[in-house]
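**Q** Take this structure first; my questions come after.
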Amino acid sequence: MKRRITTYPMAQRQNLVKLADFGRLPAAGYSIKPFLDALPGIHSGTTFRQIVAAMATARRAGRPVVLGMGAHVIKCGLAPFLIALIEKKGLTALALNGAGSIHDFELAAFGETSEDVAKELKAGRFGCVEETGAWMGEAVSAGAAAGQGLGEALYRYIDARPDRFPHRETSLLWQCGRLGVPCSVHVAIGTDFIHLHPACDGAALGATTFRDFELFCDQVEQLDHGVYWNLGSAVLLPEVFLKAVSRAHNLGRTLEGMTTVNTDQIMHYRALTNVVKRPSLGVGAGFHLTGHHELLVPLISLALLEDLPPC
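Take a look at the structure:
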């Protein structure tokens, strides 16, 4: 039986990440091409160009570019660049982990996110904010009852409450839903603080995130001559991607010509093995770039935006 925790209001929580500090796209007319042309054609300079070229080639040919990303990317203030790619059809599907959906949800509602864990943990307050757990629990339960996936359930909840979510234009969940771009949320039970909240229904959470796994598998099945980009997920999404690749092959898809890309601040075993190496072996190519999200994501995004065909 779930033991009820004591919650407290968001107004009392000190947050470390605020929308005011997020990255911004440069003014219209800006070109990143001179900078890219100045990069050396050696090692990562070559890899960077190959990654952007693979994504641009895929989109020009009408093939998918699917992004799977960890939560830290959102906390680094990079949603504006990813939203621009979604709007310009540079990304055709998005996959988040549970924490990513939480940060996105909180930013849409409050314009800030990411509590001070070290400070709140011993005080018995970490993960115990009322609104996030209550509202997301309500969204998940409604979504499960309606037969929705978790990403769709959260989008519909945000979309139906503009007064509660005054910053929803910054939300990847909301923008994907608004533009009809598949957005799946992949939850590992017990890893997200909303699982502590009395409003969290494990059955509803499991049902909605499982539907999103099937949605994600459907996107991966279409990745022949497309691109899968793993951005800042060290364990969860590389494992989910590998299972989706296995299902695709089991159902007779070859994934011929698929390109896999991993970018992260450090190199991790699962991302390197289960994204870059194994899935593309014998059918396509795999690339890895090590670097801080707040530098690599704007560079890749701006380069790709400049190379995409007109919408």
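Take 6 as the starting number for the sequence shown in the numbering used here and just add one per residue. By construction, the Cβ of each residue, glycine as well, lies at the ideal position given by its N, Cα and C atoms.
Out of curiosity, what's the CA-to-CA distance linking Gly-138 and Arg-64?
**A** Using only the alpha carbons, I get a separation of about 38 Å.
**Q** Which residues bound the beta strand (DSSP E) around His-293?
**A** 290 to 295 is the span of the beta strand (DSSP E), which, as asked, contains His-293.
**Q** With respect to the alpha helix (DSSP H) encompassing Gly-34, which residues constitute its N-terminal and C-terminal limits?
**A** Element bounds for Gly-34: n/a, residue is neither H nor E.
**Q** Is Glu-299 near Cys-133, with beta carbons less than 8 Å apart?
**A** No. Outside cutoff.
**Q** For Ile-305, count the other beta carbons within 10 Å of its own beta carbon; 16 or more makes it buried, fewer makes it exposed. Which is it?
**A** Ile-305 is buried by the Cβ-count criterion.
**Q** Determine, using beta-carbon pairs with one atom in the stretch 287 to 296 and one in the stretch 10 to 20, whether at least three such pairs fall under 8 Å.
**A** At 8 Å Cβ cutoff, the stretches do not touch.
**Q** Beta carbon of Ser-189, beta carbon of Ala-100: below 8 Å?
**A** In this structure, Ala-100 lies closer than 8 Å to Ser-189 by Cβ.
**Q** Determine which residues share a DSSP beta bridge with Trp-234 and list them.
**A** Beta-bridge pairing links Trp-234 to Leu-72, Val-266.
**Q** Between Glu-117, Leu-177, Phe-198, Leu-159, which lies nearest to Glu-125 when the distance is taken from Cα to Cα?
**A** For the residues Glu-117, Leu-177, Phe-198, Leu-159, the minimum Cα distance to Glu-125 belongs to Phe-198.
**Q** Please list the terminal residues of the continuous alpha helix (DSSP H) segment that includes Lys-124.
**A** Segment 122 to 126, the alpha helix (DSSP H) holding Lys-124.
**Q** In whole angstroms, what is the alpha-carbon distance linking Glu-174 and Ile-88?
**A** Near 9 Å, if we compare the C-alpha coordinates of Ile-88 and Glu-174.
**Q** Looking only at its own chain, which residues have a Cβ that is under 8 Å from the Cβ of Phe-110, when we skip the five neighbours before and after it?
**A** For Phe-110, where only same-chain residues beyond five positions count, the Cβ hits under 8 Å are Thr-137, Trp-140, Met-141, Leu-159, Ile-163, Ser-176, Leu-178.
**Q** Between which residues of its own chain and Val-302 is the CB-CB distance below 6 Å, once the five residues before and five after are set aside?
**A** Around Val-302: Leu-83, Phe-86.
**Q** Below 6 Å CB to CB, which residues in the same chain sit around Ala-149 once its five sequence neighbours on both sides are set aside?
**A** Ala-209, Ala-212, Thr-213, listed in sequence order.
**Q** Less than 8 Å between the beta carbons of Glu-275 and Ala-308, yes or no?
**A** For the sequence presented, residue 275 should be read as Arg rather than Glu. In this structure, Ala-308 does not lie closer than 8 Å to Arg-275 by Cβ.
**Q** Could I get the ranges of all uninterrupted alpha helix (DSSP H) runs contained in the stretch 81 to 123, with 4 residues as the minimum, in chain order?
**A** Counting whole runs of 4 or more residues, the stretch 81 to 123 contains the alpha helix (DSSP H) stretches 84 to 92, 103 to 115.
**Q** Can you tell me where the alpha helix (DSSP H) holding Ser-251 begins and where it ends?
**A** First-last of the alpha helix (DSSP H) with Ser-251: 241 to 255.
**Q** Is DSSP giving Ser-176 helix, strand or coil here?
**A** Correct three-state label for Ser-176: coil.
**Q** Could you pull the start and end residues of the alpha helix (DSSP H) that Cys-222 belongs to?
**A** Note, Cys-222: alpha helix (DSSP H), 207 to 225.
**Q** Taking 8 Å as the threshold, find out whether the stretch 29 to 39 comes into contact with the stretch 244 to 253 through three or more Cβ pairs.
**A** The answer is no - the stretch 244 to 253 does not touch the stretch 29 to 39, with fewer than three Cβ pairs under 8 Å.
**Q** Considering only the beta carbon of each residue, do Gly-34 and Leu-242 sit closer than 8 Å?
**A** Taking 8 Å as the Cβ cut-off, Gly-34 and Leu-242 do not qualify as a contacting pair.
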